[in-house]
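Here full-length UniProt numbering is used: position 246 in the sequence shown is 246, and no number is missing along the way.
Beta carbons are placed, not taken as given, at the ideal position from N, Cα and C, and that holds for glycine.
Being a predicted model, the structure only gives us computed values, none of them experimental.
Report on the following structure.
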Amino acid sequence: MEKFVSNRSSIKSVPEDYVFPQETRPGNFKIPINKTIPIIDLSEAQNGDRTKTIQQIIKAAEEFGFFQVINHGLSLDEMKETMSIFKEVFEKPNEYKHDLYPEEILKTCKMFSSTLKYECDKVHLWRDSLRHPAYPLEEWQHLWPEYPNTYRECVGNYSVKIKELGSRIMNLISEGLGLECGYFDNDNLSDSLVISLNHYPPCPDPSLTLGVIKHFDAYLITVLQQEDICGLQVLKDGEWIAVDAIPHAFVINIGCALQILTNGKLKSAEHRAVTNSDQARTTAAFFIAPSGDCFIEPTKDLIDEHNPPIYKSYKYKEFLTRYFQKQYDMDMVLKSYEEEEPKD
1 MEKFVSNRSS IKSVPEDYVF PQETRPGNFK IPINKTIPII DLSEAQNGDR
51 TKTIQQIIKA AEEFGFFQVI NHGLSLDEMK ETMSIFKEVF EKPNEYKHDL
101 YPEEILKTCK MFSSTLKYEC DKVHLWRDSL RHPAYPLEEW QHLWPEYPNT
151 YRECVGNYSV KIKELGSRIM NLISEGLGLE CGYFDNDNLS DSLVISLNHY
201 PPCPDPSLTL GVIKHFDAYL ITVLQQEDIC GLQVLKDGEW IAVDAIPHAF
251 VINIGCALQI LTNGKLKSAE HRAVTNSDQA RTTAAFFIAP SGDCFIEPTK
301 DLIDEHNPPI YKSYKYKEFL TRYFQKQYDM DMVLKSYEEE EPKD
């Protein structure tokens, strides 16, 4: 049977292997767009009140784990141009997609449907994805898709700008925490950039399935581009809230690695993606993360006798492996380490 859900547009009902259990499916309840997730004007940090901008970012990261940024330095035209190339990837014929489908799990540039372990999924996700590393650019660019013809050049230039944007945001965060500017540029703490494209075709019954299950992100921060079609939902105080889709904004969310590095001061929030029956939705997530051999642990400048470390030191590569094994659940990952400790 065809694996790529974007090639199955003629189906009139959700196949059984895409139907989630009653307790995890989104259901028919329509979650209204929530306007409380902060929208932060990054130009203010450069041309206005830098301290106020920093305070807004820290507050949003503490309370929501999410915020949106506008006036970030990338033009709407280049955002639209790059997104059109991302969309073209999923419009390519079936043969093209299967050429990128990984025969082995370790393949660098991977196109897949649902998850990388499609055959092992208990329930499939209503999405197709393309994922590949993007930094350092010269190390990875030649492994990216050759088609569309402009993919490597356009996405390469764009990813450099996204990495710079991520560094600016991380610098503002480090200042807000009382750390030296550029703190997260040291010791390979932000040496990785991975691009993850997700395409969610129209779904016959969005109440039954999900585009992405509830999860935490494992990284430092995620920079998400989502155009003007809603689908992202964040879990806040036990309730789902829908994130507004602003075409010229990027959504920023705090990852598990940054939560550990800040000793829990900044929070990673669980989130999911829902589908809709009318329009296809394509998003581009840029994951900024530590290098695999880096150790993540509470930053020494943020701990003292009144604020003892609440996390241990974890080798990031191993942490990431457990993250995928535990279905993207940070609490389960941390528990797995605790269970290995010898009992007195």
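Boundaries of the beta strand (DSSP E) in which ARG253 is found, first to last residue: The amino acid occupying residue 253 in the given sequence is Asn; Arg does not appear at that position. It spans 250 to 254 - the beta strand (DSSP E) in which ASN253 sits, taken as one unbroken run.
Do the CB positions of ASN276 and CYS203 come within less than 8 Å of each other? yes
Range covered by the alpha helix (DSSP H) that runs through LYS214: Per DSSP, LYS214 belongs to no alpha helix (DSSP H); it is in the beta strand (DSSP E), 212 to 215.
For SER114, count neighbouring Cβ atoms within 10 angstroms of its own Cβ and tell me buried if that reaches 16, exposed if not. buried
According to DSSP, what are the bridge partners of ILE195? HIS132 and PHE286
Nearest-angstrom Cα distance between LYS343 and TYR147? Because LYS343 sits at a pLDDT of 49, beneath the cut-off of 50, its placement in the model cannot be relied upon, and the following sentence gives the value as read from the coordinates. Computed Cα separation, rounded: 55 Å.
C-alpha gap between LEU179 and LYS214, whole angstroms: 32 Å
Just the Cα atoms here: how many angstroms apart are ILE246 and LYS236? 20 Å
Since LEU235 is in the beta strand (DSSP E), which residue starts that stretch and which ends it? 232 to 236
Within the chosen definition, does the stretch 3 to 17 reach the stretch 217 to 227 through at least 3 CB pairs nearer than 8 Å? no
Please classify PHE90: does DSSP put it in a helix, a strand, or coil? helix
Please list the terminal residues of the continuous beta strand (DSSP E) segment that includes ASP41. 39 to 41
Excluding the 5 residues flanking ARG152 on each side, which residues of the same chain have their C-beta closer than 6 Å to its C-beta? GLN141 and TRP144
Between the CA atoms of VAL160 and MET1 - distance to the nearest angstrom: Confidence is the limiting factor: at MET1 the pLDDT is only 44, short of 50, which leaves the residue's position unreliable, though a coordinate-based value still follows. Their Cα atoms are separated by approximately 38 Å.
Go to ILE241, then tell me how far its beta strand (DSSP E) extends in each direction, as first and last residue. 239 to 243
Hey, CYS154 and ILE85 are a contact pair by Cβ (cut 8 Å); roughly how many whole angstroms apart? 6 Å
Rounded to the nearest angstrom, what separates ARG281 and HIS271 at their Cα positions? 17 Å
Three-state secondary structure (DSSP) of MET1: In this predicted model, MET1 has a pLDDT of only 44, less than 50, meaning its place in the structure is not dependable enough to derive any value.
Have a look at GLN279, ASN307 and GLN259 and flag the residue whose alpha-carbon is nearest the alpha-carbon of ILE229. GLN279
Quick check on LYS52: does DSSP put it in helix, strand or coil? helix
In the DSSP assignment, find the unbroken alpha helix (DSSP H) run with ARG322 in it and report its ends. 316 to 325
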